[in-house]
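First comes the structure, then the notes that go with it.
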Amino acid sequence: MTDRAELEALDLAALLCSRVCHDIISPVGAIINGLEVLDEDNSEDMKEFAFDLIRRSARQGSAKLQFARLAFGAAGSAGAEIDLADAEKVATGYMEGEKADFTWSAPRVLMAKNLVKLVLNLVLLANAAVPRGGSISVVIEGEAATPRFTLRSVGPTARIPAAFERLVPGDIDGADVDAQSVQAYYAGALARNCRMTVSASLDGEDVVITAVPAEAGIQPDVSADS
201 MTDRAELEAL DLAALLCSRV CHDIISPVGA IINGLEVLDE DNSEDMKEFA FDLIRRSARQ
261 GSAKLQFARL AFGAAGSAGA EIDLADAEKV ATGYMEGEKA DFTWSAPRVL MAKNLVKLVL
321 NLVLLANAAV PRGGSISVVI EGEAATPRFT LRSVGPTARI PAAFERLVPG DIDGADVDAQ
381 SVQAYYAGAL ARNCRMTVSA SLDGEDVVIT AVPAEAGIQP DVSADS
């Protein structure tokens with residue numbers, strides 16, 4: 201295992217909080233806009249418009265918070281397990297507010313919480329691979345203790361996220377880690393904790409992200425294959 205620079209715990213916590221705030225500020229702002237519309241114009245047409253905006257934004261904000269709670273939060277005590285059906289529910293809810301269509305195929309089993317957090321963070325990386333929209337499929341196979349995750353991103357100009365190659369392996373020397381790119385760093389940290397090897401490659405014009413168990417007794421180096 202090679203030595204690698206790591207983010208300070210306080211910096212990592214601050215950047216992850218910024219990432220969550222970035223996700224929810226838009227729906228919260230839309231709710232405020234809807235309320236302002238009601239204050240300014242109380243006609244029936246504007247009421248209908250404002251309440252529809254508030255309902256949609258509230259659902260989106262709630263979905264993003266539920267996702268963040270599972271993907272970034274404690275999600276129970278140390279050693280806790282999470283039902284993959286719950287992970288599917290929060291991932292589907294999150295993606296309803298994004299541009300890409302989303303499918304999830306997995307057995308309904310309990311899985312170690314950090315493995316579940318890893319696949320949810322990989323969903324965010326898969327979503328970043330198709331910024332103009334398209335489709336994302338998640339397939340989880342294998343035993344609950346030694347799963348294989350495969351995420352395929354299909355869309356116009358699909359590309360491996362720029363932060364993937366350096367930050368998933370944890371290489372932060374000289375890197376400008378911000379509230380968006382920190383998510384790749386955090387995914388890599390989860391992978392190393394779970395002894396999983398993560399890679400990204402192009403399959404034609406599609407981006408395929410995989411996570412598989414590392415060889416027994418060997419600490420994985422998380423890499424991106426271009």
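Residue numbering for the sequence shown follows this note's numbering, beginning at 201 and increasing consecutively. Ideal placement from N, C-alpha and C gives every residue a C-beta, glycine not left out.
Check your understanding: Which partner residues of Ile336 appear in the DSSP bridge assignment?
Key -> On the sequence shown, residue 336 is found 136 positions in, with the first residue counted as 1. According to DSSP, Ile336 bridges with Phe302, Ser353.
Practice item. Counting only runs of 3+ residues fully inside the region 347-400, write out the beta strand (DSSP E) ranges in chain order. Key: The qualifying runs are 347-354.
Exercise for review: Count the CB pairs spanning the region 213-220 and the region 231-239 that are closer than 8 angstroms, and state whether there are at least three.
Suggested key: Between the region 213-220 and the region 231-239 there are fewer than three C-beta pairs closer than 8 angstroms, too few to call the two in contact.
Practice item. Tell whether a beta-carbon distance below 8 angstroms holds between Asn321 and Ala300. Key: Within the sequence shown, numbered from 1, the residue matching residue 321 stands at position 121. Within the sequence shown, numbered from 1, the residue matching residue 300 stands at position 100. With respect to Ala300, Asn321 sits apart: the two C-beta atoms are not nearer than 8 angstroms.
Review point. Taking Ser381 as the reference, which of Arg392, Arg366, Asn393, Leu390 has the closest Cα?
Key: Your numbering for residue 381 matches position 181 in the sequence shown. For Ser381, the nearest C-alpha among the options comes from Arg366.
**Study point:** Alpha-carbon to alpha-carbon, Ala274 and Ser401
**Key:** Reading the sequence shown from its first residue, position 201 is the one you call residue 401. Reading the sequence shown from its first residue, position 74 is the one you call residue 274. The alpha-carbon atoms of Ser401 and Ala274 are separated by roughly 31 angstroms.
Check your understanding: Considering only the beta carbon of each residue, do Phe349 and Ile336 sit closer than 8 angstroms?
Key -> Within the sequence shown, numbered from 1, the residue matching residue 349 stands at position 149. Within the sequence shown, numbered from 1, the residue matching residue 336 stands at position 136. Going by C-beta atoms, Phe349 is not nearer than 8 angstroms to Ile336.
Review point. On the premise that Gln266 lies in contact with Val290, defined as a C-beta separation below 8 angstroms, what is that separation, rounded to the nearest angstrom?
Key: The sequence position of residue 290 within the sequence shown is 90, counting from 1. The sequence position of residue 266 within the sequence shown is 66, counting from 1. So it is a contact: roughly 5 angstroms between Cβ atoms.
Check your understanding: With a CB to CB cut of under 7 angstroms and the five nearest residues on each side skipped, what residues in its chain are close to Leu315?
Key -> Within the sequence shown, the letter at position 115 stands for residue 315. The answer, listed in chain order, is Pro347, Cys394.
Exercise for review: Could you tell me which uninterrupted alpha helix (DSSP H) segments, each at least 4 residues in length, are contained entirely in the region 215-300, listed from first to last along the chain?
Suggested key: 244-271, 284-295
Review point. How many angstroms separate the CA atom of Leu390 from the CA atom of Leu318?
Key: By 1-based counting over the sequence shown, the position of residue 390 is 190. By 1-based counting over the sequence shown, the position of residue 318 is 118. The C-alpha of Leu318 is placed about 6 angstroms away from the C-alpha of Leu390.
Check your understanding: What did DSSP end up calling Leu207 once you bin it into helix, strand or coil?
Key -> The residue given as residue 207 occupies position 7 in the sequence shown. It is coil, neither helix nor strand.
**Study point:** Within 8 angstroms, strictly: CB atoms of Ala287 and Leu325
**Key:** Counting from one through the sequence shown, the residue named residue 287 turns up at place 87. Counting from one through the sequence shown, the residue named residue 325 turns up at place 125. It is not a contact, given that the beta carbons lie outside the stated cut-off.
Practice item. Starting from Glu341, follow its DSSP beta bridges and name the residues at the other end. Key: Residue 341 sits at position 141 when you count from the first residue of the sequence shown. DSSP lists Arg348 as partners of Glu341.
Review point. Got a sec, what are the start and stop residues for the beta strand (DSSP E) Ala312 sits in?
Key: The count along the sequence shown starts at 1 and reaches residue 312 at position 112. Counting along the chain, the beta strand (DSSP E) containing Ala312 begins and ends at 310-312.
**Study point:** Spatial distance of Ala250 from Arg332 (CA atoms)
**Key:** One-based indexing of the sequence shown puts residue 250 at position 50. One-based indexing of the sequence shown puts residue 332 at position 132. If I take the Cα positions, the gap works out to 27 angstroms.
Review point. Between the beta-carbon of Leu270 and the beta-carbon of Arg308, is there less than 8 angstroms?
Key: Stepping through the sequence shown from its first residue, residue 270 is reached at position 70. Stepping through the sequence shown from its first residue, residue 308 is reached at position 108. No; because the gap between Cβ atoms is not below 8 angstroms, this pair is not in contact.
**Study point:** Rounded straight-line distance, which links the Cα of Pro227 to that of Ala258
**Key:** Residue 258 sits at position 58 when you count from the first residue of the sequence shown. Residue 227 sits at position 27 when you count from the first residue of the sequence shown. Distance between the alpha carbons of Ala258 and Pro227: 7 angstroms.
Check your understanding: Rounded to a whole number of angstroms, what is the C-alpha to C-alpha distance between His222 and Gly297?
Key -> Against the sequence shown, residue 222 aligns to sequence position 22. Against the sequence shown, residue 297 aligns to sequence position 97. About 14 angstroms.
Check your understanding: Is the beta carbon of Leu207 sitting closer than 8 angstroms to the one on Val377?
Key -> Your numbering for residue 207 matches position 7 in the sequence shown. Your numbering for residue 377 matches position 177 in the sequence shown. Yes; because the gap between Cβ atoms is below 8 angstroms, this pair is in contact.
Review point. Mapping DSSP to helix, strand and coil, what is Ala411?
Key: Here residue 411 corresponds to residue number 211 of the sequence shown, with the count starting at 1. Ala411 falls in the strand class under three-state DSSP.
Check your understanding: Do Val398 and Ala379 come within 8 angstroms of each other at the CB atom, strictly closer than that value?
Key -> Stepping through the sequence shown from its first residue, residue 379 is reached at position 179. Stepping through the sequence shown from its first residue, residue 398 is reached at position 198. No; because the gap between Cβ atoms is not below 8 angstroms, this pair is not in contact.
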